[in-house]
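For reference, the structure is listed below as structure tokens.
Protein chains in written order, with the numbering used here: chain A, 1 to 443; chain B, 1001 to 1297.
Okay, here's the thing in structure tokens:
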């Protein structure tokens, strides 16, 4: 009898929970639909990631646009990471159902060309928006221009900075000027000295997603691509740069971390390095070590020839999805705020204050806020410096397969430093592997 | 006679009725996607507009020219060949020890050995990752014991990274297989051992002469499950090493995943083709295993 009661109870619980599960999933769905698209004609929805960086920038833009249209509301749907947005597009594109997409998405620059080509219906051109495209860094807009047509409005700026610990340089008898406009060989010499005297590496990088080759190559004005094909083994500059990276690593000047979190947490926050080189979005990571405040300063990159090097790495732009029906409102909003319109100064000033987002919009970069000194960086006006450096970044050929190339080159460097292959063989393997990925994706 | 037939028919009908819901679910959720995946493996292009590949076997041909795929196959089989035998022998020995009638705190020991299986794949991989990090516990302990003279980059060196994946797998799955052996051992009558003892067989002899033959069905099952599980190894490769350094520890499943969702490639055609090759490998190995283990002539 007892058993019977128990089993009846269990069946009952099961039935109730399964019903509840059905109920909640259906209600989830309806609320999901609501949040990705709004019925209100003055509301736009947007997918974005990073609550300390991109989202304050979007909030600043919303506030700025409300000056023009007080009823306007921007619904920011926060995503955990940038790949969530990419996955949302892949999902919508694969199923052919775009109705779940928001009006606007924030999208990584290096991925957008591939996604627009693969899923052309997922995005809308904004060529006719009221935006003066010459007001932006040419390098930045080269990502969001596909087949000569503008698709995106730039948000942040990926200009590469080289930040040095001036106190440690001073210990070795150098100033920030001594490391500005130097060759990588000179850099190597200084780095060896710094390591010997202070035990710190002058540079670190994630060895798995290694951005060094790309940045160093761009500073030379050379691409990993030539007419859409990989340009690796025949690329003398590339070979020279790979050899430089290997030498820096062997001389204990460069530390290659196992992965991204080791790179940020162990080498930068863990205070292992006297120098950091990456897109300027790395600044918040540097600033996490509070006791080093006032000891950092930024400058340009070394190059092979000894001229000052400029490059750009990372960053994202805003795109209108194919699902947006309020296209005019979306275009007007983007043009007025991020696009250099009347609200752009207000947008970018607050984006910088609240999120540290630096613009590539030349006119907005002339604002006073940019010329203020930053205490952490020894009162250097780093933002103005970054905007200025950004204007020098050379445009190099980009490819849909940027990250595939990065993966293969990173593998090549790892096998060279492990002594498993010489530079020529490793790069040959990388190139053929990359070519396979490209051929495999071709129709 | 006729009535009897009717009852049988009724029972059969009832049987089919009970089978129906589960069968429909398996067809819709499992077999239909398999057929779709098989069709996809002959296609190429972005997932928004996939077209038949030209030639039709393009994805399968590419596999044989793809060095990285070959690396992933070699890695997976390396894990399989080294890890599975060690794990199963260890599991059997542990089961034998814990089956001892006179052992105290048996429940406690059994729980301890089984406990790793209760941890999630991702979290245990992350714990191993931090243990073997360059600044991790293992390096500190080994340094203090003067076994190594400077920190070893365990996960950043191809050979040690592979070893750590194998160690992690052993830690995670030995207890799981031990439970099957324990269950098998409980089914062996104690009188059989007693008889062997009287005949003068020692522990080693009883183990090989009685335990192993009587456990045969269990051993075959654990073997098939382990082979299947190792060929589909994914979490450890992704979470412990991300396939690195230089893709030297990548497994087949991880490479398939990279081709469908990694780096924005979304090459579902090639990924499906590779998945089918893995499927065939598992089927062949399981078939050999069944044939070898089959004692009926």
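Virtual Cβ for every residue (Gly too), placed ideally from N, Cα, C.
It should be emphasised that the depicted structure is a prediction, and the values quoted were computed from it without experimental measurement.
TODO: Using the Cα positions of residue 1100 of chain B and residue 1073 of chain B, report the straight-line distance between them to the nearest angstrom.
DONE: 41 Å
Task: C-beta contact flag for residue 155 of chain A and residue 338 of chain A at 8 Å - done: yes
Open item on the list: Could you give the first and the last residue of the continuous alpha helix (DSSP H) run that contains residue 73 of chain A?
Closed with: Per DSSP, residue 73 of chain A belongs to no alpha helix (DSSP H); it is in the beta strand (DSSP E), 73-79.
- [ ] Can you give me the start and stop residues for the alpha helix (DSSP H) that residue 1198 of chain B sits inside?
- [x] 1190-1198
Task: Per-residue contacts from residue 1068 of chain B into chain A (C-beta, under 7 Å) - done: 433
- [ ] Please list, in chain order, all residues of the same chain as residue 172 of chain A whose beta carbon is under 8 Å from its beta carbon, the five residues on each side excluded.
- [x] 190, 193, 194, 197, 198
Open item on the list: Distance cutoff 8 Å, beta carbons only. Does residue 411 of chain A sit that close to anything in chain B?
Closed with: yes
Task: Pick from A:84, A:162, A:106 that is closest to residue 302 of chain A, judged by C-alpha positions - done: A:162
TODO: For residue 1043 of chain B, write down the residues that DSSP places opposite it in a beta bridge.
DONE: B:1052
- [ ] Check the Cβ-Cβ distances between residue 1156 of chain B and every residue of chain A, and say whether any is below 8 Å.
- [x] yes
TODO: Determine the extent of the beta strand (DSSP E) in which residue 152 of chain A is found, giving its start and end residues.
DONE: 152-154
Task: Proximal chain B residues relative to residue 94 of chain A, where beta-carbon distance stays under 7 Å - done: 1047, 1048
- [ ] List the whole-angstrom C-beta distance separating residue 405 of chain A from residue 230 of chain A, where the pair is believed to meet the contact cut-off of C-beta under 8 Å.
- [x] 7 Å
- [ ] Any chance you could list the alpha helix (DSSP H) runs of at least 4 consecutive residues sitting entirely within the stretch 162-224 of chain A, in chain order?
- [x] 166-171, 184-198, 212-219
- [ ] Return yes when the Cβ of residue 254 of chain A is within less than 8 Å of the Cβ of residue 203 of chain A, no when it is not.
- [x] yes
- [ ] May I have the straight-line CA-CA distance separating residue 307 of chain A from residue 183 of chain A, to the nearest angstrom?
- [x] 7 Å
Open item on the list: Which residue wins for smallest C-alpha separation from residue 1221 of chain B, given the options B:1178, B:1210, B:1066, B:1255?
Closed with: B:1178
Open item on the list: Give me the chain A residues within the contact set of residue 1246 of chain B, using Cβ-Cβ distance strictly less than 7 Å, ordered along the chain.
Closed with: 411, 414, 415
- [ ] Return helix, strand or coil for residue 386 of chain A, following the three-state DSSP convention.
- [x] helix
- [ ] State the beta-bridge partners of residue 70 of chain A as determined by DSSP.
- [x] According to DSSP, which records beta bridges pairwise, residue 70 of chain A is partnered with nothing at all.
TODO: Would you tell me roughly how many angstroms separate the C-alpha atoms of residue 43 of chain A and residue 1127 of chain B, rounded to the nearest one?
DONE: 45 Å
Task: As assigned by DSSP and simplified to three states, the class of residue 324 of chain A - done: coil
Task: 8 Å contact criterion, which residue 297 of chain A and residue 187 of chain A should meet: CB distance rounded - done: With a Cβ gap of about 16 Å, residue 297 of chain A and residue 187 of chain A do not count as contacting.
- [ ] Could you have a look at residue 1140 of chain B and say whether DSSP puts it in helix, strand or coil?
- [x] helix
- [ ] Output yes if chain B places a C-beta closer than 8 Å to the C-beta of residue 371 of chain A; else output no.
- [x] no
Task: Per-residue DSSP class, three states only, for residue 108 of chain A - done: strand
TODO: Assess, as a yes-or-no matter, whether the stretch 1013-1022 of chain B is touched by the stretch 254-264 of chain A under the definition of 3 or more beta carbon pairs within less than 8 Å.
DONE: no
- [ ] Could you check what DSSP says for residue 365 of chain A in three-state terms: helix, strand or coil?
- [x] helix
Open item on the list: Considering just the uninterrupted stretch of the alpha helix (DSSP H) at residue 281 of chain A, what are its terminal residues?
Closed with: Here residue 281 of chain A belongs to no alpha helix (DSSP H), and DSSP marks it neither H nor E.
Task: Opening and closing residue of the beta strand (DSSP E) in which residue 444 of chain A lies - done: Outside the shown range of chain A, which is 1 to 443, sits residue 444 of chain A, and nothing can be said about it.
TODO: Compute the distance between the beta-carbons of residue 102 of chain A and residue 65 of chain A, then report whether it is under 8 Å.
DONE: no
TODO: Specify the secondary structure class of residue 1108 of chain B as computed by DSSP and reduced to three states.
DONE: helix
- [ ] Return the residue from the list A:200, A:138, A:366, A:401 that minimises the CA-CA distance to residue 385 of chain A.
- [x] A:366
- [ ] Mind listing the chain E neighbours of residue 418 of chain A? Cutoff is C-beta to C-beta under 8 Å, in chain order.
- [x] The displayed structure is made up of protein chains A and B, and chain E is not among them.
Open item on the list: Buried or exposed, going by whether 16 or more other CB atoms sit within 10 Å of the CB of residue 1146 of chain B?
Closed with: exposed
Task: Sequence-distant residues of its chain with Cβ nearer than 7 Å to residue 1243 of chain B (five each side left out) - done: 1237, 1249, 1250, 1254
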